[in-house]
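K.L.:
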Amino acid sequence: MLLRLVRNERLGAMAYAAAGLVCTISIFWLGNERALVHANESVHVYLITTFLVAGCWLLGHGDGWWRAVLASLCGFAATFCFGSGIATFVALLAMLLLRRASWVQWCIVLSGFALSLLLVIGFGDTHVRGAGIISPITQLDLVLRWLSAPFIYACLPLVDVSVAAQLPIESLRTVVVAISSGYASVFGPVMV
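Below, the structure is given as structure tokens:
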């Protein structure tokens, strides 16, 4: 999506690479961090990413109603791949907004989103139905964990004593163990 926008600006190769990096980081940042770090679950995320890219590509390369139908099918398939797949529709709607798409495309994608949401909530088990309950105070902890997960993984030696103790350079290990011990004494063990 970002690459489509910068293509109109006649930017250089470095700007295109930066736009691609921003797109990739955005997908992985907003994705399910747990699925991204567990090898046995990452296949589901790759499938969602494939459907996301295919849907955005379809909407980004033409105005036909059939493109909106195929993009909605991509969103529908992503919804039933793994928990975060329904977020694909948000990207599809953003793509429609950026392209100033026709009302026909909007109606098709919104209908696909509504159908997917109805099937997930209507035929889901009690866990899925419970996820629809909005409780901002209770869910704040979970939201903050999801948003902070990339930072925690990037700084893991600084917050986890057991990881810091495995650093190969002695002088660095001593400093990092002291920092991670201080973190653990103030905030407790890191929860990853």
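Sequential numbering of the sequence shown, starting at 5, is according to the numbering used here. Cβ atoms here follow ideal geometry from the backbone N, Cα and C, with glycine treated the same way.
(1) Are Leu-56 and Ala-82 touching if we call contact CB-CB under 9 Å?
(2) Which residue marks the beginning of the alpha helix (DSSP H) containing Ser-189, and which one marks its end?
(3) Sorted by chain position, which residues of the same chain lie with C-beta nearer than 7 Å to Ile-52's C-beta, five sequence neighbours on each side aside?
(4) Where does Leu-162 fall in DSSP's three states?
(5) Out of curiosity, what's the CA-to-CA distance linking Gly-116 and Pro-172?
(6) Examine the Cβ distances between the region 59 to 73 and the region 14 to 23 and report whether three or more of them are shorter than 8 Å.
(7) For Val-108, which of His-65, Tyr-187, Arg-71 and Tyr-50 has the nearest alpha-carbon?
P.N.:
In terms of the structure at hand:
(1) The criterion of a C-beta distance shorter than 9 Å is satisfied by Leu-56 and Ala-82.
(2) Annotation for Ser-189: the continuous alpha helix (DSSP H) segment containing it runs 174 to 191.
(3) Within the same chain, and ignoring the five residues on either side of Ile-52 in sequence, the residues whose Cβ sits closer than 7 Å to its Cβ are Ala-82, Cys-85, Phe-86, Ser-88, Gly-89 and Thr-92.
(4) Look at Leu-162 here: in three-state DSSP terms it is helix.
(5) So the alpha carbons of these two residues sit roughly 52 Å apart.
(6) No, the region 59 to 73 is not in contact with the region 14 to 23.
(7) Looking at His-65, Tyr-187, Arg-71 and Tyr-50, the one whose alpha-carbon comes closest to that of Val-108 is Arg-71.
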